[in-house]
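Numbering follows the UniProt record's numbering, in which position 337 of the sequence shown is assigned residue number 337; successive positions increment by one, without gaps. Below is one structure; the comments refer to it alone.
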Amino acid sequence: VYTDKTLNFLPIMIIDLCSALLHKLNKNLEQLNNGQPIPTHLYSALHQQICRINTFNEDLLMARIDKIYKSLNSSVIVPPALVKLYHDDKHVGNDAPAGTLVGLIGQNIVKPLVEDVELHVNYECTCDVSEIPAELRVFDENMTWIDETNKESFLESLKVCKHVLMHAYLHTYRTYQPFTCIFLVKTHHGTYLIDTLKHKRMVARLSYECTYYKYMNGRTLHALKEEFKVVPCCCSLVKTRECYFVDFRIRPIHDDLLRLEVTHEKDAEASSEGVQQVVERMSAQNNVTGRERKVLEDILKLRDFVAKSNNESVNYVLTERQLCLILENMPKTKMQFKNVLPRCSPILRAHIEDILFILNESVEDSTRSYKEADDGGSSTVEHKNVTESKSRNGNSGHPQKDNQNEQRLNDRLKQIDIKSRSVNHLDIDSSIAKVRYNTFDYDENVVEKVKNKFRRRKK
């Protein structure tokens, strides 16, 4: 029976037993090294224990290999944890009525592989469009997902419809070119949601059907034009606050962002903003002039190039706040850069040297210009004729240096070799946020080869 006093001394007892065991092992090793035979009764029990442990580890490892290979062959469905977002009573004045469904959030967030679909049809339409009916302007909460079970009945119901409201929901955070993720179709029968990543050809079929009037806003029309290279006939639609529905499979959005008064026209204008427009806007906001403006322009060009090469958004690569910190501190080494931005995206971390190259080039140009200004006296008089002849020919020093810097930046961008990080092994299931992993078939020969590498050689 263990008492409280015995339990207090139990750790000390274990340490003493371990020390005695090590002492005996050292004695046995010393006798073994001296070449003297060791009595069997000294190590037989220890040898049996070691064999049991080795056998247990090997069996556990073999079972683990079997489990891994069998799981690769089977279709593993990751069950999603969905959270529905509704408007509450606190924001009734500015938002939709309380209880309105505004979005779904899934914990399994993936970046899907978007299928490229080309339509080989001669699309010509001269349909007249009319105004949208009042019942199609407000979404109800009873939305139905289209899958293999109800796809045919949904297509049959559209044959008797006269007015159809369509809307494309795009993702722009982790992609350079926005892509359609959910396509909403509303008729007088109800509201339907189509997973565009799963049924992209169905979306194309619905968009170019002329048996009913189609109503969509400008951004939806632009998305269909970019993905299918055809402009369907439709009637323009003004988006209302009650129409918000967001797919959160790629990026969860904070609840406060759902209440921002941002129209699709402003969002489309911001997404298509070029490098020069960003330079003008950031220069005016942060009072950036002179050398810093040139650095700002070069880094924005680099950001745009890297984002496009990796199919990522520019804000994921480098935010404007991070760019302002870089311009304020002007780091010269990797250590200084990490002190300025201790946390940054993996893509930006891989291109720290490229940003430092731009910053150091600007410092060298400024130092060179200061030296030329200090050498004003006699050197200016001696080279006066040379300078005048260059100015007559239009080849002054500063434009030539700008061209050289531009050429250096272009050469630097050409040297960047970025490997695309595709996710071809991921397929999106028909249900939201479910992922199916398909890798390779379960082969017994491959498993045995892997096991042989880990098996212990038994003497």
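Glycine included, C-beta positions come from ideal geometry on N, C-alpha and C.
Check your understanding: What is the rounded straight-line gap between the Cα of PRO342 and the Cα of PRO178?
Key -> Residue mapping note: residue 342 aligns to position 342 of the sequence shown, counting from 1. Residue mapping note: residue 178 aligns to position 178 of the sequence shown, counting from 1. Each residue's Cα considered, the two are about 29 Å apart.
Check your understanding: Taking all protein chains shown into account, do 16 or more other C-beta atoms lie within 10 angstroms of the C-beta of residue 464, making it buried, or fewer, making it exposed?
Key -> Nothing about residue 464 can be read from this structure; the chain reaches only from 1 to 459.
Practice item. For the alpha helix (DSSP H) containing ILE299, list its first residue and its last residue. Key: Here residue 299 refers to the residue found at position 299 when the sequence shown is read from its first residue. That run of the alpha helix (DSSP H) goes 291 to 310.
Exercise for review: Quick one: residues in its chain with C-beta nearer than 8 Å to the C-beta of GLY377, no 5 flanking neighbours on either side, listed in chain order?
Suggested key: As a working mapping, residue 377 is identified with position 377 in the sequence shown. Because the pLDDT of GLY377 is 49, which lies under 50, any placement of that residue in the model is unreliable, and the number read from its coordinates should be weighed accordingly. Around GLY377: no qualifying Cβ.
Check your understanding: When you compare only the Cα positions, how much space is there between LYS162 and ASN311?
Key -> Along the sequence shown, one-based indexing puts residue 162 at 162. Along the sequence shown, one-based indexing puts residue 311 at 311. Rounded to the nearest angstrom, the two C-alpha atoms are 39 Å apart.
Practice item. Find out if the Cβ-Cβ distance for the pair TYR192, THR144 is shorter than 7 Å. Key: To locate residue 192, count along the sequence shown from 1; it is residue 192. To locate residue 144, count along the sequence shown from 1; it is residue 144. A contact, by the Cβ cut-off of 7 Å.
Practice item. Could you spell out the range, first to last residue, of the alpha helix (DSSP H) harbouring ILE347? Key: Reading the sequence shown from its first residue, position 347 is the one you call residue 347. It spans 346 to 349 - the alpha helix (DSSP H) in which ILE347 sits, taken as one unbroken run.
Practice item. Would you verify that the beta carbon of GLN285 is, or is not, closer than 7 Å to some beta carbon of chain C? Key: Structure shown: chain C not included; a single protein chain is present.
Point to revise | In DSSP terms, what ASP195 is bridged to | key: For the purposes of this step, residue 195 is identified with residue 195 of the sequence shown, where counting begins at 1. According to DSSP, which records beta bridges pairwise, ASP195 is partnered with ILE182.
Review point. In whole angstroms, what separates the C-alpha of VAL231 from that of GLY190?
Key: Taking the first residue of the sequence shown as 1, we reach residue 231 at position 231. Taking the first residue of the sequence shown as 1, we reach residue 190 at position 190. Those two C-alpha atoms are separated by around 26 Å.
Exercise for review: For the alpha helix (DSSP H) containing LEU155, list its first residue and its last residue.
Suggested key: Here the question's residue 155 lines up with position 155 in the sequence shown. Segment 151 to 158, the alpha helix (DSSP H) holding LEU155.
Practice item. For the beta strand (DSSP E) holding VAL164, just list the boundary residues, first then last. Key: Numbered from 1 along the sequence shown, position 164 holds the residue referred to as residue 164. For VAL164, the uninterrupted beta strand (DSSP E) segment begins and ends at 163 to 171.
Check your understanding: Cα-Cα, which of VAL295, LYS308 and ILE347 is closest to LEU325?
Key -> For the purposes of this step, residue 325 is taken as the residue at position 325 of the sequence shown. Taking only the C-alpha atoms, the option nearest LEU325 is VAL295.
Review point. Hey, how far is the Cα of ASP304 from the Cα of VAL185?
Key: Looking up residue 304 in the sequence shown gives position 304. Looking up residue 185 in the sequence shown gives position 185. Rounded to the nearest angstrom, the two C-alpha atoms are 34 Å apart.
Practice item. Please determine, among ILE299, LYS159 and GLU280, the residue with the shortest C-alpha to C-alpha distance to ASN315. Key: The count along the sequence shown starts at 1 and reaches residue 315 at position 315. Closest by alpha carbon: ILE299.
**Study point:** Classification of LYS334 by the beta-carbon crowding that lies within 10 angstroms, buried from 16 upward
**Key:** The residue given as residue 334 occupies position 334 in the sequence shown. Looking at its Cβ environment, which holds fewer than 16 other Cβ atoms inside 10 Å, LYS334 is exposed.
**Study point:** Outcome for THR211 when other beta-carbon atoms lying within 10 angstroms are tallied against a minimum of 16
**Key:** Locating residue 211 in the sequence shown gives position 211, where the first residue counts as 1. With fewer than 16 other Cβ atoms within 10 Å, it is exposed.
Check your understanding: Where does ASP427 sit, in a helix, a strand or coil, going by DSSP?
Key -> The count along the sequence shown starts at 1 and reaches residue 427 at position 427. In this prediction, ASP427 scores a pLDDT of 35, lower than 50, which makes its location untrustworthy; the coordinate-derived value is nonetheless stated afterwards. Correct three-state label for ASP427: strand.
Review point. Where LYS24 and LYS338 are concerned, what is the direct C-alpha to C-alpha distance, given to the nearest angstrom?
Key: Within the sequence shown, numbered from 1, the residue matching residue 24 stands at position 24. Within the sequence shown, numbered from 1, the residue matching residue 338 stands at position 338. In a straight line, the C-alpha of LYS24 is about 53 Å away from that of LYS338.
Practice item. Specify, as a first and last residue, the run of the beta strand (DSSP E) that MET216 falls within. Key: Here the question's residue 216 lines up with position 216 in the sequence shown. Unbroken beta strand (DSSP E) run through MET216: 213 to 216.
**Study point:** Inter-residue spacing [alpha-carbon to alpha-carbon] between LYS214 and TYR208
**Key:** Here residue 214 is taken as the residue at index 214 of the sequence shown, counted from 1. Here residue 208 is taken as the residue at index 208 of the sequence shown, counted from 1. Taking the straight line from one Cα to the other gives about 9 Å.
Practice item. Would you decide whether PRO331 is buried or exposed? Buried here means 16 or more other CB atoms lie within 10 Å of its CB. Key: What you label residue 331 is simply residue 331 of the sequence shown in a count that begins at 1. Of the other Cβ atoms in all chains shown, 16 or more fall within 10 Å of the Cβ of PRO331; this residue is therefore buried.
Point to revise | 8 Å contact criterion, which VAL317 and LYS301 should meet: CB distance rounded | key: Stepping through the sequence shown from its first residue, residue 317 is reached at position 317. Stepping through the sequence shown from its first residue, residue 301 is reached at position 301. Not a contact, Cβ separation roughly 12 Å.
Review point. Leaving out the 5 sequence neighbours to the left and right, which residues in its chain are closer than 8 Å to LEU170 when beta-carbon positions are compared?
Key: Translated into positions along the sequence shown, residue 170 becomes position 170. Answer for LEU170: PRO178, PHE179, THR180, CYS181, ARG219 and ALA223, listed in chain order.
Practice item. Find out if the Cβ-Cβ distance for the pair THR187, VAL203 is shorter than 7 Å. Key: The residue given as residue 187 occupies position 187 in the sequence shown. The residue given as residue 203 occupies position 203 in the sequence shown. Going by C-beta atoms, THR187 is not nearer than 7 Å to VAL203.
Point to revise | alpha helix (DSSP H) segment containing MET335, residue limits | key: As a working note, residue 335 is residue 335 in the sequence shown. Where MET335 is concerned, the enclosing alpha helix (DSSP H) stretches over 334 to 340.
Review point. DSSP on CYS233, reduced to helix/strand/coil?
Key: As a first step, residue 233 is located in the sequence shown; it is residue number 233 there, counting from the start. In this structure, CYS233 counts as coil in the three-state DSSP scheme.
Review point. So what's THR144 in DSSP terms, helix, strand or just coil?
Key: Residue mapping note: residue 144 aligns to position 144 of the sequence shown, counting from 1. If DSSP states are grouped into helix, strand and coil, THR144 belongs with the strands.
Practice item. Go ahead and pull the three-state DSSP assignment for ASN28. Key: If you number the sequence shown from 1, residue 28 lands on position 28. In this structure, ASN28 counts as helix in the three-state DSSP scheme.
Check your understanding: Rounded to the nearest angstrom, how far is the Cβ of SER313 from that of THR172, given a contact under 8 Å?
Key -> Within the sequence shown, residue 313 is the residue found at index 313, counting from 1. Within the sequence shown, residue 172 is the residue found at index 172, counting from 1. The pair is a contact, with the Cβ atoms about 6 Å apart (cut-off 8 Å).
Check your understanding: Exposed or buried, what is VAL160 when buried is set at 16 or more other beta-carbons lying within 10 Å of its beta-carbon?
Key -> Your numbering for residue 160 matches position 160 in the sequence shown. With fewer than 16 Cβ atoms within 10 Å of its Cβ, VAL160 is classed as exposed.
Review point. Among residues of its own chain, excluding the 5 on either side of LEU359, which ones have a beta-carbon nearer than 8 Å to its beta-carbon?
Key: Taking the sequence shown and counting its residues from 1, the one referred to as residue 359 is at position 359. Shown here for LEU359: same chain residues with a beta carbon closer than 8 Å to its own, the five before and five after excluded, namely VAL295, ILE326, MET330, PRO331 and LYS332 in chain order.
Exercise for review: Label ASN287 either buried or exposed according to how many other C-beta atoms from any shown protein chain fall within 10 Å of its C-beta, with 16 as the threshold for buried.
Suggested key: Mapped onto the sequence shown, residue 287 falls at position 287. By the 10 Å Cβ count, ASN287 comes out exposed.
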